[in-house]
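Q: A single structure is presented below for examination.
2 protein chains.
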Amino acid sequence: MRGLSLQGVLTPEDKALLLSLQLNTRRMSAGEVLWHEDADADLFCVVKEGWAYSYRNLENGSKQILKFYLPGDIIGMRDFGFSRRLAGVAMINEGVVCPFSYQQLLELFGSSALAVGIMATAVRQQALLTERLVYLGRHAAHERLAHFLYELYLRLKRIGAVEDNGFFIPISQEQMGDALGLSPVHVSRTFTILRKEGLVVRHRQHITLPNPEALAQLIKFDASYIDESLPSALSELSIVSRASGNRRGPGMRTTAD
Amino acid sequence: MRGLSLQGVLTPEDKALLLSLQLNTRRMSAGEVLWHEDADADLFCVVKEGWAYSYRNLENGSKQILKFYLPGDIIGMRDFGFSRRLAGVAMINEGVVCPFSYQQLLELFGSSALAVGIMATAVRQQALLTERLVYLGRHAAHERLAHFLYELYLRLKRIGAVEDNGFFIPISQEQMGDALGLSPVHVSRTFTILRKEGLVVRHRQHITLPNPEALAQLIKFDASYIDESLPSALSELSIVSRASGNRRGPGMRTTAD
DNA sequence: CGACTCTTTGAGTGACCTCAATGACGGTGG
DNA sequence: CCACCGTCATTGAGGTCACTCAAAGAGTCG
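Each protein sequence line maps, in turn, to chains S and W. Under my numbering, think of the first position of the first sequence as 11, with each following residue one higher. Under my numbering, think of the first position of the second sequence as 11, with each following residue one higher.
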């Protein structure tokens, strides 16, 4: 890095921070791992040279690559708001990266805990999309549907909308197909399969999971992307309100997007 | 809303803001559209009752649903950092939402333009993932590959790594398959198809797009999710640096994740 | 010059698709 | 109360896209 020019309205603190980011550069060899899945999440990296990619290794032996990073890209934003990495990152070819800590970023937000929380919440919601991406890319229809239903089950449970392992679902099978990348006909067939295995009972707009654990087991569901608590630095930011029309749930946590 | 309790370290301003969010509630009927794709993006919504979903209507007549929103979820974070909506949002059943403006959120970040920029950058990067999701869900192999290559082409062009419509690509076909949800064998076949149509020329680790416009046309590529400028309120935050090893590009814009 | 990785091509299979018809349910109006 | 309608779900038949397995060609590296 020879120079650093900034446009706009950055404060002197901002500029100092940006300069500090350029300090720790690290040369990486081809294939070298920046971090593994489930590793502690405490830093970002800016790619200076070379390409990198983030990935998930799946139970079934396959792999889903989430993103390729080119020079100038920031790696690791995806995990901000979680204590552990949701995906591994490795270099493709040789290159140089600039690591910097979450702590440095937090200083930027320092004045507003709410801003930090909104940022973290936005990132956490992205985790849901990422999870869906993995299922679209590398899982069969019955796994996509099972995952979809189980995720819904957990989210509804959080807001107190699950009763006796069952919940109300106003979505048509065609809409589920549009979400899961399946034809409505095949969604129906897939429901039939899950019903015959005793995993899902469906009656009109009501779904019951007689054995949620078995369903979770089927797809090796890892719920950390949904209900893991925020790292201590960001904690205590849930917006708890009690909506008038809300069915007797204990409260309502606001989760982004 | 009867009450609003907050834990943690929120400032009085934060609390005032949160209270103000509860003001404008709006009752929605089933199927009602909150906003269309490409509409101006200037507000969020918190879902109080009912379910909603965000979607993309595709050129080929199909539809991809991105996410279902349950009570307590925030809608619209995905577009923060863009001037127009990347996806439409509609209610599934009857419900109540609380709209609030981006402006209110910006006040939270007010003290730090850099914090705003990082937030916006994180959200913009999510747009890339969303776009990939759409292709995994609803597009054939040759469309996925064409889209992947064209997106790469645009991103590399931004950092000055494209020369004569060609660029260096250190990725194996197996890795592309892992990104696109295809087997390595089928990636190879798909390359053959694109080559025979004169859209892609590949020689080892170098790719040339003889006619980028034709490729973009094939997949109706809308580049707004990549290169649309930030809304005025957030503008001027690109971090321009000149990396030592960077091939003679004019500079390097930092884009998140 | 081998050993290795990556790519290409062929053959056969399977998952999911489309098209089409029927069934189940709910709402509406006579 | 019942006939009618529209929407949604189910089931069958046949087709296609992408998969797996397998083998051979092409570069690259030591």
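C-beta: ideal position from N, C-alpha, C; glycine also.
Listed in chain order, which residues of the region 43 to 56 of chain S have Cβ atoms closer than 7 angstroms to some Cβ of chain W?
A: Those would be Val56, in chain order.
Q: Taking 7 angstroms as the limit between beta carbons, can you name the residues of its chain near Glu246 of chain W, skipping five residues before and five after?
A: Because the pLDDT of Glu246 of chain W is 37, which lies under 50, any placement of that residue in the model is unreliable, and the question is left without a value.
Q: Is the beta carbon of Ala130 of chain W within less than 8 angstroms of some heavy atom of the ligand SAM?
A: Although the ligand SAM was asked about, the structure shown includes no ligands whatsoever.
Q: Since Ile236 of chain W meets chain S, which of its residues come closer than 9 angstroms, beta carbon to beta carbon?
A: The contacting residues do not exist; Ile236 of chain W stays about 12 angstroms from chain S at best.
Q: To the nearest angstrom, report how far apart Arg165 of chain S and Gly208 of chain W are at their CA atoms.
A: Cα to Cα, the separation comes out at about 48 angstroms.
Q: For Asn103 of chain S, which residues in chain W fall below 8 angstroms Cβ to Cβ?
A: Neighbours of Asn103 of chain S on chain W, chain order: Pro180.
Q: Note down the Cα distance separating Gly147 of chain W from His196 of chain S, rounded to an integer number of angstroms.
A: C-alpha separation (whole angstroms): 14 angstroms.
Q: Identify each residue in the region 130 to 158 of chain S for which the Cβ-Cβ distance to at least one residue of chain W is less than 8 angstroms, and report them in chain order.
A: So the close ones are Thr131, Ala132, Val133, Gln135, Gln136, Leu138, Leu139, Thr140, Arg142, Leu143, Leu146, Gly147, Arg148.
Q: Where Thr131 of chain S and Arg94 of chain S are concerned, what is the direct C-alpha to C-alpha distance, given to the nearest angstrom?
A: Near 15 angstroms, if we compare the C-alpha coordinates of Arg94 of chain S and Thr131 of chain S.
Q: By Cβ distance, which residues of its chain are closer than 6 angstroms to Gln74 of chain W, with the 5 residues on each side in sequence left out?
A: The answer, listed in chain order, is Arg66, Val144, Gly147, Arg148.
Q: At the 9 angstroms Cβ level, is Asp83 of chain S part of the contact set with chain W, yes or no?
A: Interface residue, yes.
Q: Is Thr218 of chain W helix, strand or coil when you go by DSSP?
A: Reduced to three states, the DSSP call for Thr218 of chain W is strand.
Q: Roughly how many angstroms lie between the CA atoms of Ile179 of chain S and Tyr112 of chain W, to the nearest whole one?
A: Distance between the alpha carbons of Ile179 of chain S and Tyr112 of chain W is about 31 angstroms.
Q: On the CB-based measure, 16 or more other CB atoms within 10 Å of its CB, does Ala156 of chain W come out buried or exposed?
A: Its Cβ being crowded by 16 or more others within 10 Å, Ala156 of chain W is buried.
Q: Counting only C-beta atoms, is Ile217 of chain W closer than 9 angstroms to chain S at any point?
A: Not an interface residue.
Q: With DSSP as the reference, label Arg95 of chain S as helix, strand or coil.
A: Coil, per DSSP.
Q: Which chain W residues are close to Leu166 of chain S, counting only those with a beta carbon under 7 angstroms from its beta carbon?
A: The contacting residues are Leu80.
Q: In angstroms, rounded to a whole number, what distance separates the CA positions of Tyr79 of chain S and Trp61 of chain W?
A: Near 35 angstroms, if we compare the C-alpha coordinates of Trp61 of chain W and Tyr79 of chain S.
Q: In terms of DSSP beta bridges, what is Ala100 of chain W paired with?
A: Ala100 of chain W pairs with W:Val43, W:Tyr63.
Q: What in chain S is Cβ-close to Ile75 of chain W, meaning under 8 angstroms?
A: Correct list: Gln185, Asp188, Ala189.
Q: Roughly how many angstroms lie between the CA atoms of Gln185 of chain W and Pro194 of chain W, to the nearest whole one?
A: Distance between the alpha carbons of Gln185 of chain W and Pro194 of chain W is about 8 angstroms.
Q: Along the chain, where does the alpha helix (DSSP H) containing Gly187 of chain S start, and where does it finish?
A: Per DSSP, Gly187 of chain S belongs to the alpha helix (DSSP H) from 183 to 190.
Q: Go ahead and pull the three-state DSSP assignment for Glu207 of chain S.
A: In this structure, Glu207 of chain S counts as coil in the three-state DSSP scheme.
Q: What is the rounded straight-line gap between the Cα of Arg212 of chain S and the Cα of Leu68 of chain S?
A: Their Cα atoms are separated by approximately 29 angstroms.
Q: Just mark Gln215 of chain W as buried or exposed, buried being the case when its beta carbon has 16 or more other beta carbons within 10 Å.
A: Result: exposed.
Q: Is it right to say Phe158 of chain W is buried, meaning 16 or more other beta carbons lie within 10 angstroms of its own, or is it exposed?
A: Looking at its Cβ environment, which holds 16 or more other Cβ atoms inside 10 Å, Phe158 of chain W is buried.
Q: Pick out the complete beta strand (DSSP E) segments inside the region 117 to 164 of chain S, 3 residues or longer, and give them in chain order.
A: DSSP runs (the beta strand (DSSP E)) wholly in the region 117 to 164 of chain S: none.
Q: For Asp199 of chain S, is the classification buried or exposed, using 16 other Cβ atoms within 10 angstroms of its Cβ as the cut-off for buried?
A: Checking the displayed sequence, the identity of residue 199 of chain S turns out to be Arg instead of Asp. Arg199 of chain S should be labelled exposed.
Q: With DSSP run on the structure shown, which of helix, strand or coil describes Pro109 of chain W?
A: Pro109 of chain W: strand per DSSP, three-state reduction.
Q: Can you look up Val195 of chain W in the DSSP assignment and give me helix, strand or coil?
A: Here Val195 of chain W sits in helix by DSSP.
Q: Leaving aside the five residues before and after Gly187 of chain W along the sequence, list all residues of the same chain whose C-beta is less than 8 angstroms from its C-beta, in chain order.
A: The answer, listed in chain order, is Ser193, Pro194, His196, Val197.
Q: Answer with yes or no whether the minimum CB distance from Phe90 of chain W to chain S is below 9 angstroms.
A: By this cut-off, Phe90 of chain W is an interface position.
Q: Which chain W residues sit within Cβ distance under 8 angstroms of Ile169 of chain S?
A: Those within 8 angstroms of Ile169 of chain S in chain W are Leu80, Pro81, Gly82.
Q: Can you tell me which of the three DSSP states Phe177 of chain W falls into?
A: Looking at Phe177 of chain W - three-state DSSP - the assignment turns out to be strand.
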